[in-house]
Amino acid sequence: MANLNSDLLDPNTRLILDRAGEIMRTWGKPSLMPEMALIAALRLPETTACRALARLADQRAFKLKDLEAEAERQARARNARSANFTYVSAQNVVSDLTEEMLIVLDEARSIALASGEIYIATEHLLSSLAQPGVSTAGLLQSRGATPPAIAALMAEGLVTRSATSHDWVASARKGQAPPLLMRDDLLRDLASLLALSEDRHVILTGTPGSGRRSLVQSLALLIAEGKGPAGVGAIVEISDGAWLDNPTLALQVALRQASGGAVFIANIHRFFASGGRPEAAARDLQKAFVGDPAAPIIIGTTTEADFNDRIKPNGLITQRSHLLRVPPMTTKEAEAALGVMRAQFERDYGLTVNPEAAKQAATLASRYISAEALPGAAVRVLHRACALRKSNGAAPSTAPIGAEDVTRAVSVMTGIPITKLGADERARYATMEEALRQRILGQDEAVRSVSRSVKSARVGLKDPKRPIGSFLFLGPSGVGKSELAKALAEFMFGSENNLIALDMTEYQKDDTINRLIGSPPGYVGYEAGGQLTEKVIKQPYSVVLFDEVEKAHPRILDILLQIMEEGRLTDGQGRLANFAEAVILLTSNLGAVYLNNPANLEDADLNLKAREMALNEVKGYFRPEFLNRLDDIITFNPLSATVMRGILDLLIGKEAKLAAERGIAIEVTPAARAWLLAQNKEVGMGARPLRRILQRHVREKLTDYLLTLEAPPAKVLVDAGADVLVFTA
Numbered sequence: 027m028a029n030l031n032s033d034l035l036d037p038n039t040r041l042i043l044d045r046a047g048e049i050m051r052t053w054g055k056p057s058l059m060p061e062m063a064l065i066a067a068l069r070l071p072e073t074t075a076c077r078a079l080a081r082l083a084d085q086r087a088f089k090l091k092d093l094e095a096e097a098e099r100q101a102r103a104r105n106a107r108s109a110n111f112t113y114v115s116a117q118n119v120v121s122d123l124t125e126e127m128l129i130v131l132d133e134a135r136s137i138a139l140a141s142g143e144i145y146i147a148t149e150h151l152l153s154s155l156a157q158p159g160v161s162t163a164g165l166l167q168s169r170g171a172t173p174p175a176i177a178a179l180m181a182e183g184l185v186t187r188s189a190t191s192h193d194w195v196a197s198a199r200k201g202q203a204p205p206l207l208m209r210d211d212l213l214r215d216l217a218s219l220l221a222l223s224e225d226r227h228v229i230l231t232g233t234p235g236s237g238r239r240s241l242v243q244s245l246a247l248l249i250a251e252g253k254g255p256a257g258v259g260a261i262v263e264i265s266d267g268a269w270l271d272n273p274t275l276a277l278q279v280a281l282r283q284a285s286g287g288a289v290f291i292a293n294i295h296r297f298f299a300s301g302g303r304p305e306a307a308a309r310d311l312q313k314a315f316v317g318d319p320a321a322p323i324i325i326g327t328t329t330e331a332d333f334n335d336r337i338k339p340n341g342l343i344t345q346r347s348h349l350l351r352v353p354p355m356t357t358k359e360a361e362a363a364l365g366v367m368r369a370q371f372e373r374d375y376g377l378t379v380n381p382e383a384a385k386q387a388a389t390l391a392s393r394y395i396s397a398e399a400l401p402g403a404a405v406r407v408l409h410r411a412c413a414l415r416k417s418n419g420a421a422p423s424t425a426p427i428g429a430e431d432v433t434r435a436v437s438v439m440t441g442i443p444i445t446k447l448g449a450d451e452r453a454r455y456a457t458m459e460e461a462l463r464q465r466i467l468g469q470d471e472a473v474r475s476v477s478r479s480v481k482s483a484r485v486g487l488k489d490p491k492r493p494i495g496s497f498l499f500l501g502p503s504g505v506g507k508s509e510l511a512k513a514l515a516e517f518m519f520g521s522e523n524n525l526i527a528l529d530m531t532e533y534q535k536d537d538t539i540n541r542l543i544g545s546p547p548g549y550v551g552y553e554a555g556g557q558l559t560e561k562v563i564k565q566p567y568s569v570v571l572f573d574e575v576e577k578a579h580p581r582i583l584d585i586l587l588q589i590m591e592e593g594r595l596t597d598g599q600g601r602l603a604n605f606a607e608a609v610i611l612l613t614s615n616l617g618a619v620y621l622n623n624p625a626n627l628e629d630a631d632l633n634l635k636a637r638e639m640a641l642n643e644v645k646g647y648f649r650p651e652f653l654n655r656l657d658d659i660i661t662f663n664p665l666s667a668t669v670m671r672g673i674l675d676l677l678i679g680k681e682a683k684l685a686a687e688r689g690i691a692i693e694v695t696p697a698a699r700a701w702l703l704a705q706n707k708e709v710g711m712g713a714r715p716l717r718r719i720l721q722r723h724v725r726e727k728l729t730d731y732l733l734t735l736e737a738p739p740a741k742v743l744v745d746a747g748a749d750v751l752v753f754t755a
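Those letters in the sequence shown? Residues 27 to 755, per this note's numbering, in order.
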């Protein structure tokens, strides 16, 4: 048996067939008949078919209950042969269809197509049930429910919305337009392009969320008020489902329905795949661009990158259309847009929304969700804030949605702990140096310099366009340069995952710039984005570490200069990566030979001279304009024996924490600690060898020891033996 393609049915028609299948099983009949579909429609007053019959019942003075009873008597009195076709309900319940029912559905499909729809709606099904030759035709036609009468009711406006398409202008005339903030300058530009005598097609480019769709909806509202461009009386959008089910037919339907108006196509680049022969829908769309000037206008949306990659190479399209760039809203505009939408949010969620919530949503979305443009990002934030409150069981009488709710929503969406955005942020940053010094030992000056710049930024004393801070760390390996970057990411953003680390030894060639910012459209792999820009776009609140920056190609240094000066960078796809909420850290081994001298710790003059020589080497390598963009050049000290002992204690603490998570306490004696320090033979590598020493002599040996025991001990003592560490349970 074959299955009926349920994708051709609209939701209410599927519901009718589901109920008809239930009736079939209740009556013990083998197959689903037209009478069962009619009865199901009569029992679903929300469907257009039932409303049409109710209207006819009023006009012809008959009762729907009588029609239902007569249909039931007729169905129970007969059996019909199966058509070897089945209908599968949403609950995966299978119903066999009679040959007659299959013919009814096939005719309903023809009626739908003739009326400009690609889905079978309930009114199409009802009209098919009334066609001559169908068992239900006599029941319906005797009551005046003929196909022409049903079509007349549809023409009178009984159908409020098509499942295939939607005319925004018609909705606006009925008072059903969404709340919108009018962007007068852009509206004027769009209207002037649509008023041209020919080549009136328009392609709107912009970042997702920038308001391209809202701009066209605003134009529809103006047209409904009689203020739009002459000759544009409709703006028709095709539903996403229709595009997916049958794009060619959906476009044909839209062009027919939009006569004397425009067809709106979101993500129009979908029809212009890179390379290859266009499919039927793409060919029809191209014909619409180059056809009769009196034909419907095409208004499409896309991104700058997709336009350059897919549409721009098609000369026919670019010659017959105009490009209109839709920039993101400013924070103030986004706040105003949310203000216009407040009533809709309150209706949707049954909550009151304070004006402060709209302001906070626009501000935080701009700052922390830069992957999506305003106002879209702010709208998403406010939706999340309302949903979070609603999920906690809030009632309309509770406190309104305020700034704190929005802050919590941003925290959930971005992963930043709430305290990083909340009122206690000031108190945390007041003790920032102390917090960092618990992890970074022996580098008080570096901690102090970074903390000072970050704290100034956090209280607003920074250029809003530039990064929070840009620092160059100088010093030998293993003295804490990368560790300070990790500690800073954890302090500021709650996790070391907010550290974006790039090894500049991998960017020594000219063509590696594409790896950093992404390849331009048309190049293989451009969709993946750049290793730097893609991460910052998704996570703008980051510490960005450029390790061994002196190894990078000069063109890469030019990019870093732009980041430090302007706080932004455009990737290969034309998207903007915002670094205004990032801390930029550069590390370099330049001058390390002067700085890596333990004697510097004992002699202040020698230390000062070593720093001067290191700085002179740096100034001789980097251009002055590059160095002038830095907030500070920080030199790291060599590590004293006391600091090394402190670092070892920190590392042992981490090992003990891992063991404690498995129920084992570890105690490392002072003698064992001294023994571990004595194993460090790589003096010039700072603290870095200590990790390997702990791995080899503590973690691995402890593992071997535990495997010799029958049961895990509660505590293990680690002490120094003659030549090895000794483990005792």
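C-beta atoms are modelled at their ideal positions from N, C-alpha and C, and glycine is treated no differently.
Owing to the predicted nature of the structure, the values given are computational and were not obtained by experimental measurement.
Other residues of its chain near residue i: CB distance less than 7 Å, five sequence neighbours each side excluded
{"i": "Ile137", "result": "His150, Ser153, Ser154"}
{"i": "Leu674", "result": "Arg699, Leu702, Leu703, Leu716"}
{"i": "Cys76", "result": "Ala67, Leu68, Leu70"}
{"i": "Glu460", "result": "none"}
{"i": "Ala388", "result": "Thr357, Ala360, Glu361, Leu364, Leu400, Ala404"}
Opening and closing residue of the alpha helix (DSSP H) in which residue i lies
{"i": "Asn272", "result": "Segment: none, Asn272 is in no alpha helix (DSSP H) and carries neither H nor E."}
{"i": "Leu500", "result": "No alpha helix (DSSP H) holds Leu500; the beta strand (DSSP E) holding it covers 495-500."}
{"i": "Glu149", "result": "148-155"}
{"i": "Ile291", "result": "Element bounds for Ile291: not the alpha helix (DSSP H) but the beta strand (DSSP E), 288-291."}
{"i": "Thr389", "result": "381-394"}
{"i": "His409", "result": "402-417"}
{"i": "Asp470", "result": "470-484"}
{"i": "Gly252", "result": "Looking at the DSSP string, Gly252 is not in any alpha helix (DSSP H), and its letter there is neither H nor E."}
{"i": "Gly47", "result": "37-53"}
{"i": "Arg465", "result": "It is not in any alpha helix (DSSP H) - Arg465 carries neither H nor E in the DSSP assignment."}
Residue i: first and last residue of the uninterrupted beta strand (DSSP E) it sits in
{"i": "Glu693", "result": "691-694"}
{"i": "Ser108", "result": "108-114"}
{"i": "Ile229", "result": "227-231"}
{"i": "Ala284", "result": "Careful: Ala284 lies outside any beta strand (DSSP E) and carries neither H nor E."}
{"i": "Asp122", "result": "120-124"}
{"i": "Leu528", "result": "525-529"}
Which residues DSSP lists as bridging residue i, in chain order
{"i": "Leu602", "result": "Thr596"}
{"i": "Tyr567", "result": "DSSP, once it has assigned bridges, lists no residue as partnering Tyr567."}
{"i": "Phe753", "result": "Val744"}
{"i": "Phe572", "result": "Leu528, Leu612"}
{"i": "Thr661", "result": "Leu500"}
{"i": "Ser191", "result": "Ile264"}
{"i": "Asn633", "result": "Note: Asn633 sits in no beta bridge, so no partner."}
{"i": "Ile427", "result": "Val379"}
Top-ranked residue by Cα proximity to residue i, from the options
{"i": "Glu522", "options": "Leu498, Ile690, Phe499, Tyr567", "result": "Tyr567"}
{"i": "Glu607", "options": "Val709, Ala391, Glu182, Lys338", "result": "Ala391"}
{"i": "Val130", "options": "Lys313, Pro426, Ala163", "result": "Ala163"}
{"i": "Ala171", "options": "Arg81, Ile610, Thr233", "result": "Arg81"}
{"i": "Glu638", "options": "Ala483, Arg452, Pro664, Leu621", "result": "Leu621"}
{"i": "Val480", "options": "Glu643, Ala511, Asp536", "result": "Ala511"}
{"i": "Asp730", "options": "Gly710, Met711, Leu751", "result": "Leu751"}
{"i": "Gly556", "options": "Ala697, Asn633, Asp597", "result": "Asp597"}
{"i": "Asn654", "options": "Ile539, Phe497, Met530", "result": "Phe497"}
{"i": "Phe517", "options": "Phe298, Glu451, Gly232, Ala101", "result": "Glu451"}
{"i": "Thr148", "options": "Ser347, Ala103, Thr74", "result": "Thr74"}
{"i": "Glu48", "options": "Leu241, Val119, Leu586, Leu35", "result": "Val119"}
{"i": "Pro234", "options": "Leu166, Pro322, Asp225, Thr329", "result": "Thr329"}
{"i": "Leu90", "options": "Ala78, Ala456, Ala101", "result": "Ala78"}
{"i": "Ala308", "options": "Ile337, Tyr647, Pro426", "result": "Ile337"}
Same chain, Cβ closer than 6 Å to residue i, neighbours up to 5 away in sequence not counted
{"i": "Glu246", "result": "One detail in the question is off: residue 246 reads as Ala in this sequence, not Glu. Contacts found: Trp194, Val195, Ala198, Ile261."}
{"i": "Ser236", "result": "Val352, Pro354, Ala399"}
{"i": "Arg51", "result": "none"}
Beta-carbon contacts of residue i that lie in its chain and below 8 Å, excluding the five residues immediately before and after
{"i": "Lys741", "result": "Ile690, Ala691, Ile692, Glu693, Ala755"}
{"i": "Glu592", "result": "Lys491, Arg492"}
{"i": "Leu414", "result": "Asp431, Arg434, Ala435, Val438"}
{"i": "Gly302", "result": "Summary for Gly302: the model assigns pLDDT 44, below 50, so the residue's position carries little reliability; its value from the coordinates is reported in the next sentence. Closer than 8 Å at the Cβ level, and outside the excluded window around Gly302, lies no residue."}
Could you tell me which whole beta strand (DSSP E) segments of length 3 or greater appear in the stretch 303-359?
323-328, 347-351
Pick out the complete beta strand (DSSP E) segments inside the stretch 674-713, 3 residues or longer, and give them in chain order.
691-694
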